[in-house]
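Input: a single structure, listed below in structure tokens.
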Amino acid sequence: MKEIGLVHVYTGDGKGKTTAAFGLALRAYENGLRVYIVQFLKTSPSGEAAFVERLGDGRFRVFRFEKPHGFTYDQDAEAAKALRGDVERALDFIHTVFQERSCDLLVLDEIICACQLGLVTREELCGLIDNKPPACELVLTGRGAPEWLVERADYVTNMTLVKHPFQTGTDARKGIEF
Numbered sequence: 003m004k005e006i007g008l009v010h011v012y013t014g015d016g017k018g019k020t021t022a023a024f025g026l027a028l029r030a031y032e033n034g035l036r037v038y039i040v041q042f043l044k045t046s047p048s049g050e051a052a053f054v055e056r057l058g059d060g061r062f063r064v065f066r067f068e069k070p071h072g073f074t075y076d077q078d079a080e081a082a083k084a085l086r087g088d089v090e091r092a093l094d095f096i097h098t099v100f101q102e103r104s105c106d107l108l109v110l111d112e113i114i115c116a117c118q119l120g121l122v123t124r125e126e127l128c129g130l131i132d133n134k135p136p137a138c139e140l141v142l143t144g145r146g147a148p149e150w151l152v153e154r155a156d157y158v159t160n161m162t163l164v165k166h167p168f169q170t171g172t173d174a175r176k177g178i179e180f
């Protein structure tokens with residue numbers, strides 16, 4: 003891996019943030035890099051994650067620490083506390099990955115949304131960026147990246163929703179939207 007690891011942000015209200023991150027991850031994996039993806043706010047595997055799991059290769063892995071706790075906007079105090087505990091386990095895992103230099107590319111899928119919901123603090127997210135190994139490429143996804151995060155990133159891609167079949171009542175389709 004090159005000696006400089008940069009920070010990518012995939013944000014915006016359009017479709018494709020996670021898919022873009024997985025595309026970059028596949029490219030990195032195919033070129034011999036070790037890739038980890040940590041998913042926040044997702045309790046069931048996506049099509050992309052299921053594909054990675056079928057690879058069965060320790061060089062490309064997807065991790066989820068959250069158990070279903072209901073919708074984040076409709077939680078009681080106990081469920082919110084349990085969700086924060088799940089997020090803390092994910093953050094501890096990320097710190098371990100950084101200490102052990104376990105991967106060359108780390109995707110933190112939906113961490114921006116977790117930050118907006120108060121599950122990850124600004125200080126925690128900045129700490130991850132500041133403490134990543136120098137050669138580790140870091141990818142952050144989620145809607146509504148704040149300006150302070152945009153300023154810290156090396157790459158920022160804003161996915162803009164122009165038109166989507168969901169707007170006219172078309173349900174999400176397996177293999178296309180998930």
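In this text, residue positions in the sequence shown follow my numbering: the first is 3, and each later residue adds one. Just so it is clear, CB atoms sit at the ideal spot from N, CA and C, and this is done for glycine as well. Keep in mind it's a predicted model, so treat the numbers as computed, not measured.
- Classified as exposed, Val164 has fewer than 16 neighbouring CB atoms from the shown chains inside 10 Å of its CB.
- Cα atoms of Asp132 and Leu110: separation of roughly 15 Å, rounded to the nearest angstrom.
- When secondary structure is reduced to three states using DSSP, Phe24 falls in the helix class.
- The DSSP assignment places complete beta strand (DSSP E) segments of no fewer than 3 residues inside the segment 94-173 at 107-111, 139-143, 157-160, in order along the chain.
- Burial check for Glu125: the Cβ neighbour count within 10 Å stays below 16, so the residue is exposed.
- Rounded to the nearest whole angstrom, the CA to CA distance from Thr172 to Gly14 is 21 Å.
- Take Val89, set aside five residues on each side of it, and the residues of its chain with a beta-carbon closer than 8 Å to its own are Phe42, Phe67, Glu68, Ala116, Leu121, Val122, in chain order.
- In this chain, the beta strand (DSSP E) harbouring Phe62 covers 62-66.
- For Leu57, the enclosing alpha helix (DSSP H) stretches over residues 49-57.
- Distance between Phe65 and Val40, taken at the CA atoms: about 5 Å.
- In the DSSP assignment, Ile39 falls within the unbroken beta strand (DSSP E) covering 37-41.
- In its chain, beyond the 5 residues on either side, Ser48, Gly49, Ala174 have a beta carbon closer than 8 Å to the beta carbon of Phe180.
- The alpha carbon of Gln101 has as its nearest neighbour, out of Ala137, Gly34, Pro148, the alpha carbon of Ala137.
- In the DSSP assignment, Val11 forms a beta bridge with Leu142, Val158.
- Contact check for Leu107 and Ala30: beta-carbon distance about 4 Å, within the 8 Å limit, so the pair qualifies.
- The beta carbon of Leu140 lies closer than 6 Å to those of Val9, Leu108, Lys134 in the same chain, with the five residues before and after it left out.
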